[in-house]
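Input: a single structure, listed below in structure tokens.
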Amino acid sequence: EKLFTGDQVLRITASDEEQITQLRVLGEQAELQVDFWRHPTSPGHPADLRVPFSSLPAVKTFLESNNISYSIMIEDVQELLDEEKRTMMKSRR
Amino acid sequence: KERSTSTFDFASYHTIDEIYNWMDMLVEDHPNLVSKIQIGQSYENRPLNVLKFSTGGSNRSAIWLDTGIHPREWITQATGIWTANKIAEEYGQDTSVTAILDSMDIFFEIVTNPDGFVFTHSSDRLWRKTRSINAGSPCVGVDPNRNWDAGFGGPGASSDPCSETYHGPYAHSESEVKALADFILGHGNVKSVISIHSYSQMLLFPYGYKTAPVPNHQEMNELAKKAVSDLAAVYGTKYTYGSIADTIYAADGTAVDWAYDNGVKYSFTFELRDSGRYGFLLPSAQIIPTATETWPALLDIMVHVLEHPY
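If you read the protein sequences in the order shown, they are chains A and S.
Start counting at 1 in the first sequence, then tack on 11, and there's your number in the working numbering.
Start counting at 1 in the second sequence, then tack on 704, and there's your number in the working numbering.
Shown next, in the form of structure tokens:
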């Protein structure tokens, strides 16, 4: 079973087309293994990016060095997944 | 196992076995309205089950609904279950539903990508694609909403099998896509395709593979405007709307573009809600609110289709 311990989802808001292009370039860097949950579309429209724990420093550095604003939408993906499983089990009981 | 649709917990997420059992129960509970048909098999040989809502007639005009082509979008399949139940319950009660089903059939595929859905329960909750093996690549699966024969292989899809938006080796390479396309073409009288996703809060229509407007763009835009307005009236959830290319980005090989190009004039795709905190992990407590607010928008489209025959 794939675990997502420490993975975060970042909510990113690009301010212009150049930043959108930078985000797309970020998404194409296979070694980071990021996963756009919501793709960057237009300036001011949020994009959501799941970032594996091991890639968090690199991705956050990339965003900050390019002045791309972001917030942490989900602190720890695995915690939410565990909660979801607990809810399903409780519902079954 | 649940023994009746009346005791089924619509406010919880369910496994594929539970959903398929529930579909059988719905058929048992509404034998004169609902039947189940199998339109094909998935890559891993799971049945592709479709609920048919029909009050009779032969090859009537039809509305196609599907949920869950991207399996990790769990709120979508859950909304599909609630909606199918609502259609069955409202026939004979609600004037709009009754009018629709007195003239038209509704086909509803609730688990459009069963292999992927099972995989999200067993191995990777965040899986998006099918589970077909890609020759020469260690990466599994094709994005089934980039696999349709509508601008296939162009911008907005990836040729890399390891990408989440991999379009596949050729159009309709995925059995889940081919079965659906063959069904719609074989039926020949499908007037509307509504393909439901999550979670960007949008109501979209063709095209995604080109920026040119569809010939009835104004009609689609006005209908979408009314639908999202009626949706927002329930809980205040704000949707954007418009063509895929204008509203999100260029996306090739999508289901609704294929449907439109194959003569289905009223082709829409929903992106259901997230309030901005959970994404694909939307808590089950939000299933019923999501389905409830989506219902009037769906009904708007279906009534429009009924009232605008072509």
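A virtual CB, placed ideally from N, CA and C, is assigned to each residue, including glycine.
*asked:* Taking only three categories from DSSP, how would you classify residue 970 (chain S)?
replied: strand
*Opening and closing residue of the beta strand (DSSP E) in which residue 84 (chain A) lies*: Looking at the DSSP string, the run of the beta strand (DSSP E) that includes residue 84 (chain A) is 80 to 85.
*Taking 7 Å as the cut-off, does the CB of residue 771 (chain S) come closer than this to any heavy atom belonging to the ligand ZN?*
Summarising the ligand content, the structure contains no ligands, and the ligand ZN is consequently not present.
*Determine the chain A residues that contact residue 841 (chain S) at a beta-carbon separation under 7 Å, and present them in chain order.*
Within 7 Å Cβ-Cβ: nothing; residue 841 (chain S) doesn't reach chain A, min ~13 Å.
*Is residue 68 (chain A) helix, strand or coil when you go by DSSP?*
helix
*asked:* Can you look up residue 937 (chain S) in the DSSP assignment and give me helix, strand or coil?
replied: helix
_Proximal chain S residues relative to residue 105 (chain A), where beta-carbon distance stays under 9 Å_ = Residue 105 (chain A) lies beyond the range of chain A shown here (12 to 104); nothing can be said about it.
*Where in the segment 855 to 907 of chain S do unbroken runs of the beta strand (DSSP E), each at least 3 residues long, occur, reported from the N-terminal end onward?*
894 to 902
*With which residues is residue 745 (chain S) paired in a DSSP beta bridge?*
S:751
*asked:* Out of S:885, S:942, S:818, S:944, which one is the CA nearest neighbour of residue 773 (chain S)?
replied: S:818
*For the segment 749 to 807 of chain S, list the alpha helix (DSSP H) runs that are entirely contained and at least 4 residues long, ordered along the chain.*
778 to 794, 799 to 807
*Can you give the Cα-Cα distance for residue 77 (chain A) and residue 823 (chain S), rounded to whole angstroms?*
Counting only the Cα atoms, residue 823 (chain S) lies some 37 Å from residue 77 (chain A).
*Closer than 8 Å, Cβ to any Cβ of chain A: which residues of the segment 969 to 985 of chain S, in chain order?*
980, 981, 982, 983, 984, 985
_Under 8 Å, CB to CB, which of the residues in the segment 17 to 36 of chain A have a partner in chain S?_
20, 22
*Note down the Cα distance separating residue 912 (chain S) from residue 848 (chain S), rounded to an integer number of angstroms.*
Approximately 15 Å, taken between the alpha carbons.
*Between residue 816 (chain S) and the rest of its own chain, which residues show a CB-CB distance below 6 Å, the 5 nearest in sequence each way excluded?*
770, 772, 773
*asked:* Residues in the same chain with beta-carbon distance under 6 Å from residue 51 (chain A), minus the five sequence neighbours each way, listed in chain order, please.
replied: Within the same chain, residue 51 (chain A) has close Cβ partners 25, 31, 34, 58.
*Give every residue of the same chain whose Cβ lies closer than 6 Å to the Cβ of residue 825 (chain S), excluding the five residues on either side of it in the sequence, and list them in chain order.*
719
*Check the Cβ-Cβ distances between residue 1012 (chain S) and every residue of chain A, and say whether any is below 8 Å.*
no
*Let me know if residue 742 (chain S) comes out buried or exposed under the rule of 16 or more other beta-carbons within 10 Å of its beta-carbon.*
exposed
*Per the contact definition of three or more C-beta pairs closer than 8 Å, is the segment 743 to 751 of chain S in contact with the segment 798 to 806 of chain S?*
As far as the Cβ criterion goes, the segment 798 to 806 of chain S does not touch the segment 743 to 751 of chain S, which means the pair count is below three.
*If you count every other CB in all the chains shown that lies within 10 Å of the CB of residue 65 (chain A), and 16 or more means buried, which is it?*
exposed
*the segment 752 to 766 of chain S in contact with the segment 879 to 893 of chain S per 3-pair CB rule at 8 Å*: yes
*Kindly confirm or deny that the segment 840 to 847 of chain S and the segment 989 to 998 of chain S touch, where touching means at least three C-beta pairs closer than 8 Å.*
no
*asked:* My assumption, with CB atoms under 8 Å, is that residue 48 (chain A) sits in contact with residue 984 (chain S). Please give the rounded CB distance.
replied: 6 Å
*If we count the other Cβ atoms within 10 Å of its Cβ and call it buried at 16 or more, is residue 705 (chain S) buried or exposed?*
Unreliable placement is indicated for residue 705 (chain S), whose pLDDT of 49 sits below 50; the coordinate value is still reported in the next sentence. Exposed: under 16 other Cβ atoms inside 10 Å.
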